[in-house]
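Chemist:
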Amino acid sequence: QRQFRKRARVLNLTALPASERRAMAQQLAFYTQMHDLLTRHGFTRPDWQHPLAFARQLAQQDQRRFEPAVALTRLFYEVRFGRQPMDEQRRRDAQARLAELRSNLTTG
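Position one of the sequence shown corresponds to residue 1 (our numbering), numbered consecutively onward.
1. Considering only their Cβ atoms, is the gap separating Val70 from Leu28 smaller than 8 Å?
2. Please classify Ala15: does DSSP put it in a helix, a strand, or coil?
3. With a threshold of 8 Å, are at least 3 pairs of Cβ atoms found where one atom belongs to the stretch 89-102 and the other to the stretch 28-39?
4. Buried or exposed for Ala15, please, with buried defined as at least 16 other CB atoms from any protein chain shown within 10 angstroms of its CB.
5. Report the rounded CA-to-CA distance for Gln103 versus Asp47, giving the unit in angstroms.
6. From the DSSP output, in three-state form, read off His41 for me.
7. Give the DSSP-derived three-state secondary structure of Arg102 in the structure shown.
8. Which ranges would you report for the alpha helix (DSSP H) in the stretch 20-64 if only whole runs of at least 4 residues count?
9. One question on the structure: do Leu52 and Thr73 come within less than 8 Å of each other, judged by their Cβ atoms?
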């Protein structure tokens with residue numbers, strides 16, 4: 001339960017009714033995976049900073065390395081705030097971008 005509350009905060013789901021939180025959290029699992037991956041590599045978003053601003057800040061440091069984080073964050077906004085469905089195409093795109101980011105972080 002504590003872990004789910006942490007995820008809900010990371011995903012900005014706290015304002016949603018409880019009945020919608022779990023379903024939305026499942027759709028946005030790619031974003032929590034990205035968040036965890038970045039955190040493990042020492043990149044933590046301050047609470048005051050918006051997710052897209054954080055991703056763009058990383059990309060300013062190293063465009064090639066962090067562009068997947070920007071794309072994943074845009075996808076997060078589409079699904080979370082734009083209420084776009086997490087369809088198969090978006091799912092595949094998210095997995096490809098996660099794999100790219102993982103590779104970029106491990107190879108430097």
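Yeah, the Cβ is synthetic: ideal placement off N, Cα and C, and Gly gets one too.
The structure presented is a predicted model; accordingly, all values stated were derived computationally and were not measured.
Modeler: On the basis of the data shown:
1. Start at 1 with the first residue of the sequence shown, and residue 28 comes out as number 28. Start at 1 with the first residue of the sequence shown, and residue 70 comes out as number 70. For Leu28 and Val70, no; Cβs fall outside 8 Å.
2. As a first step, residue 15 is located in the sequence shown; it is residue number 15 there, counting from the start. The answer is coil: DSSP assigns Ala15 none of H, G, I, E or B.
3. With the cut-off at 8 Å, the stretch 89-102 and the stretch 28-39 touch.
4. The count along the sequence shown starts at 1 and reaches residue 15 at position 15. Classification of Ala15: exposed, given that the 10 Å Cβ count is below 16.
5. As a first step, residue 103 is located in the sequence shown; it is residue number 103 there, counting from the start. As a first step, residue 47 is located in the sequence shown; it is residue number 47 there, counting from the start. Residue 103 is actually Ser in this sequence, not Gln. Whole-angstrom Cα-Cα distance: 26 Å.
6. As a working mapping, residue 41 is identified with position 41 in the sequence shown. Note: His41 maps to coil in three-state DSSP.
7. If you number the sequence shown from 1, residue 102 lands on position 102. Here Arg102 sits in helix by DSSP.
8. The DSSP assignment places 29-40 and 51-61 as complete runs of the alpha helix (DSSP H) inside the stretch 20-64, in order along the chain (cut-off: 4 residues).
9. The residue given as residue 52 occupies position 52 in the sequence shown. The residue given as residue 73 occupies position 73 in the sequence shown. Taking the C-beta atoms as reference points, Thr73 is found nearer than 8 Å to Leu52.
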